[in-house]
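What follows is one structure encoded as structure tokens, with my remarks underneath.
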Amino acid sequence: MEPLQSSLRGMLVGLAVGDALGAPVEFMRPGEFEPVTGYREGGPHKLPAGYWTDDTSMALCSGVSLCLHAGFNPEDQMQRFTRWFRQGYLSSIGRCFDIGNRTRAALKRFERTGDPFAGEESFDSAGNGALMRLAPVVMFFHEEFGQAQAVAREHSRLTHADIRCIEANELLAWILWSLSRGMQKEELFTAITAFADRVADVEMMLLAQGSYLRLEPPKIQGSGYVVKSLEAALWAFARSSSFAEGALLAVNLGDDADTTGAVYGQIAGAFYGHEAIPEAWRNGLFQHDSIVALSDALMRRSADPLPPDWK
């Protein structure tokens, strides 16, 4: 497999794997659960082992829309998110669950107004619900970084319009694109510091300056707050030397463990590639082969070979 194809597959499969690893310990604090070492069943949603949550469902909705419309179609993106919300479209268990408050509010606003850019800009609306689903945007626009970053901003505004969400999505888009092009870790961590002069938010500035390299838990948190979520994923990536090692660091932070795992999985999947994700985790992931098919369709900017029931 070519390195680029492996990296792009790794982004989306890594997202789903991290989500599935973290789902059983979501909402729990470290010390309240047996440390995660692999897939397990149960948790707050009582899922079978290897099943994923809203993070992956929304990423799949985004990816399918990009392929079917040959680009970013905000109305169709929101219609697919709403199908997931109301009908369980692309849910691992056939119904919507684990939806974030801001996402729910945005989808209801879209239903009322028809305006796809339904994210709130209020101070308390800076959740990680757009960050968790970003990979398909970078995968589809992998040949055009400027377009990838521009769409990352608009993709966030669908449900999360706070400046911290937009800046975090811009930064993650750059990270994923750079890693897919072969950038190494130390080079990446150095290059991220340039974003400190470009962001408006102070906490985003501190992250870009390398807070994830200096801090440790409990200051590193598996939080639903977008800046802390990206910080935790980068911390796990910086502290590990394999996809598996970092994934377990990420999800064992607890709390919003599925999303910490999903954001980490995008980053580490882009860096290590699809084959570096443990075989047992790939084989045990619900709908792994269909997720790979979507990954390849995104790379080719094609609706083929999407699973028919995903369209």
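Each residue of the sequence shown is one higher than the one before, starting from 1 at the first, in the UniProt record's numbering.
Virtual Cβ for every residue (Gly too), placed ideally from N, Cα, C.
So for residue i, helix, strand or coil by DSSP?
| i | result |
| --- | --- |
| Tyr272 | helix |
| Leu179 | helix |
| Tyr89 | coil |
| Leu47 | strand |
| Tyr225 | strand |
| Gly210 | coil |
| Gly14 | helix |
| Gly31 | coil |
| Gly261 | helix |
| Phe145 | helix |
| Arg301 | coil |
| Phe237 | helix |
| Leu21 | helix |
Just grab the DSSP bridge partners of residue i for me.
| i | result |
| --- | --- |
| Glu120 | His160 |
| Gly127 | Tyr225 |
| Gly42 | Leu47 |
Who are the Cβ neighbours of residue i in its own chain at under 7 Å, not counting the five residues just before and after it?
| i | result |
| --- | --- |
| Glu279 | none |
| Pro43 | The question names Pro, yet the displayed sequence has Gly at residue 43. Taken in chain order, the residues that qualify are Ala23, Pro24, Val25 and Glu26. |
| Trp174 | Gln149 |
| Met205 | Ala196 and Val199 |
| Val36 | Leu21, Val25, Leu248, Val251 and Asn252 |
| Asn73 | Ser65 |
| Phe110 | Met78, Thr82, Pro116 and Ala118 |
| Arg29 | Gly254 and Asp255 |
Pick from the options: whose alpha carbon is nearest that of residue i?
| i | options | result |
| --- | --- | --- |
| residue 313 | Ser302, His288, Ala303 and Ser122 | The displayed coordinates of the chain run from 1 to 311. Any statement about residue 313 would go beyond what the structure contains. |
| Ile163 | Phe243, Glu203 and Ile192 | Glu203 |
Can you list, in chain order, the residues of its chain with a C-beta nearer than 6 Å to that of residue i? Leave out the 5 residues immediately preceding and following it.
| i | result |
| --- | --- |
| Arg157 | Phe117 and Gly119 |
| Phe97 | His45 |
| Met183 | none |
| Asp54 | Asp98 and Ile99 |
For this session: Report the residue ranges of all alpha helix (DSSP H) runs contained in full by the stretch 49 to 113; include only those spanning at least 4 residues, in chain order.
Result: DSSP assignment within the stretch 49 to 113 yields the following whole alpha helix (DSSP H) runs of 4 residues or more, N-terminal first: 54 to 68, 74 to 87 and 101 to 113.
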